[in-house]
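Q: This is the structure, below, for whatever I ask next.
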Amino acid sequence: MPTSPELQLAERIAAWHNRHPLARRIVPAQVHGTGVVALPFAPGARRPRLLTRERVLPGLAPARLARLALRHGRPAHPGPAHWPLRELLPDPPVAPTVAREWRHLLTAAIEVGDRRLRVFVGPDPAGPVLGRRLWDRRRLQLAGLAGVVLAAGALLAPVLAGRHADAPSLASAAPAASASPAAVSSPVIRTALATPAPAAASGIAPAPATGEAPVAAASPAATGSPGPTPSDRAASEAAAPAAASSPAGGGDRTAPAGDIRPALSAEARAQALAEGRRLRSQGPAAAAASAASAVPAARPEDAGKVFAVAAMPTRNRSTSQLRIVLMNAPTEAEPGQPRAEVMPVAGGFRAVIWPYDSRAAAERVRELLAARGIPSEVIAF
1 MPTSPELQLA ERIAAWHNRH PLARRIVPAQ VHGTGVVALP FAPGARRPRL
51 LTRERVLPGL APARLARLAL RHGRPAHPGP AHWPLRELLP DPPVAPTVAR
101 EWRHLLTAAI EVGDRRLRVF VGPDPAGPVL GRRLWDRRRL QLAGLAGVVL
151 AAGALLAPVL AGRHADAPSL ASAAPAASAS PAAVSSPVIR TALATPAPAA
201 ASGIAPAPAT GEAPVAAASP AATGSPGPTP SDRAASEAAA PAAASSPAGG
251 GDRTAPAGDI RPALSAEARA QALAEGRRLR SQGPAAAAAS AASAVPAARP
301 EDAGKVFAVA AMPTRNRSTS QLRIVLMNAP TEAEPGQPRA EVMPVAGGFR
351 AVIWPYDSRA AAERVRELLA ARGIPSEVIA F
């Protein structure tokens, strides 16, 4: 069944209007006032020139309407004879006798409620539509909200990705560290651990600090050791609450309320003293001598004391055991070699590397551990 020219034009305009995702949906019945508009042009050497600057539509520059008319307009009336025709008059400076040519376009109005917008259409079946659309407020609000969410996601994505990469779980860090000790440990720490055993001790007391700087640098770049790994940072973050309340440097330290120093049994203290007397009575082995040459010798004020490097306290034994894995310290007792073990303290456990016969040797290991993100302190027995 053939359709009327008015309905065909209304369907074209409705399809164009609804093509925009943010536009209000209309139907052909809301398109009214079909007609034809004629624009006057003056013939030119290169291209015709529009003779009027009348703004037919609000916000539509005459130059845009002129381009549409030159490309798609027709010299004669393109619609049915009964369609009304409006001719745009030339501007007053143009004399009535000046030669002119006319370009005709189709026009119609979109009416929704009390709102009315007029558009211009090229007469060809596939001619373009020029004009404004009626926007849907709800669609505009949803589009604005979606834009805000996308912008926030784009800003937060790098931050969340960085936190995920820098803070792996302790559960995943432990197997990786135990499977590949070379990847999570520093050879310098291994060398620093291989220091002579302690000499003697009489009781548990806080370790007084010395003003002498350690021989080995605390930074990984100076020692040739790799920097902190994600696994080390995970252990450091787990100990942050305890580290915030305990001293970080090598200054004077006093025992806090509720002793958190490892408690040695009488048997363990006696073994440490015996080991110190035995080592002092005999010369060091060749391998131990090369390792000890890089560590400062014991000072006179260190006589009769045994030193240990203790990590910050934890609430459970497994976390302290993980720190031993990250330290990559030997756990088996060998003559003349420090070892690492988990010792119970008030309210938790501590990973301890001991014994050392000089404070300088213990401080060197403490600073190496601090450079890798494992806070610790030197204590004296």
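Counted from 1, the sequence shown has number 4 at position 4 by the UniProt record's numbering; the numbering is strictly sequential.
Here a beta-carbon is modelled for each residue, glycine too, at the ideal position from N, C-alpha and C.
(1) Leaving out five residues on either side along the sequence, give the residues of the same chain with a beta carbon under 6 angstroms from the beta carbon of Leu-88.
(2) Mind checking whether Phe-307 and Ala-362 have CB atoms under 7 angstroms apart?
(3) Taking DSSP as the reference, what is the three-state secondary structure of Val-148?
(4) Helix, strand or coil for Arg-366? Go by DSSP, reduced to three states.
(5) Have a look at Ile-353 and Val-345 and give me their C-alpha separation to the nearest angstrom.
(6) Give me the residue from Gly-347, Leu-142, Met-327, Pro-125 with the minimum Cα distance to Arg-372.
(7) Nearest by alpha-carbon distance to Arg-137: which of Leu-145, Met-343, Pro-58 is it?
(8) Helix, strand or coil for His-17? Go by DSSP, reduced to three states.
(9) Rounded to a whole number of angstroms, what is the C-alpha to C-alpha distance between Asp-91 and Arg-49?
(10) Is DSSP giving Arg-132 helix, strand or coil here?
(11) Among all the DSSP beta bridges, which residues are the ones paired with Gly-33?
(12) With a threshold of 6 angstroms on Cβ separation, who are the neighbours of Arg-366 within its own chain once the five nearest residues in sequence on each side are excluded?
(13) Please determine, among Gly-127, Leu-155, Arg-315, the residue with the shortest C-alpha to C-alpha distance to Gly-347.
(14) If you follow the alpha helix (DSSP H) that His-77 is in, where does it begin and where does it stop?
(15) Going by the DSSP bridge assignment, what does Val-309 pair with across the sheet?
(16) Drop a sphere of 10 angstroms on the beta-carbon of Ser-320, count the other beta-carbons inside from all chains shown, and report buried for 16 or more, exposed for fewer.
(17) Our contact map puts Arg-339 next to Thr-331 with C-beta atoms below 8 angstroms; I'd like the distance itself, whole angstroms only.
(18) Could you check which residue in Glu-341, Arg-364, Ala-157, Phe-381 has the C-alpha nearest to that of Ala-266?
(19) Going by DSSP, what residue range makes up the beta strand (DSSP E) through Thr-107?
(20) For Glu-111 and Pro-75, I'd like the C-alpha separation in whole angstroms.
(21) Tell me Gly-348's beta-bridge partners as DSSP assigns them.
A: To lay it out plainly:
(1) Leu-39, Thr-52, Glu-54
(2) A Cβ-Cβ contact shorter than 7 angstroms links Phe-307 with Ala-362.
(3) In this structure, Val-148 counts as helix in the three-state DSSP scheme.
(4) Correct three-state label for Arg-366: helix.
(5) Computed Cα separation, rounded: 15 angstroms.
(6) Met-327
(7) When only C-alpha atoms are compared, the closest one is Leu-145.
(8) helix
(9) 12 angstroms
(10) Reduced to three states, the DSSP call for Arg-132 is coil.
(11) According to DSSP, which records beta bridges pairwise, Gly-33 is partnered with nothing at all.
(12) Val-309, Ser-376, Val-378
(13) Arg-315
(14) Bounds of any alpha helix (DSSP H) do not take in His-77, whose DSSP letter is neither H nor E.
(15) Ile-353, Val-378
(16) buried
(17) 6 angstroms
(18) Phe-381
(19) Its beta strand (DSSP E) spans residues 101 to 112.
(20) Approximately 29 angstroms, taken between the alpha carbons.
(21) Val-345
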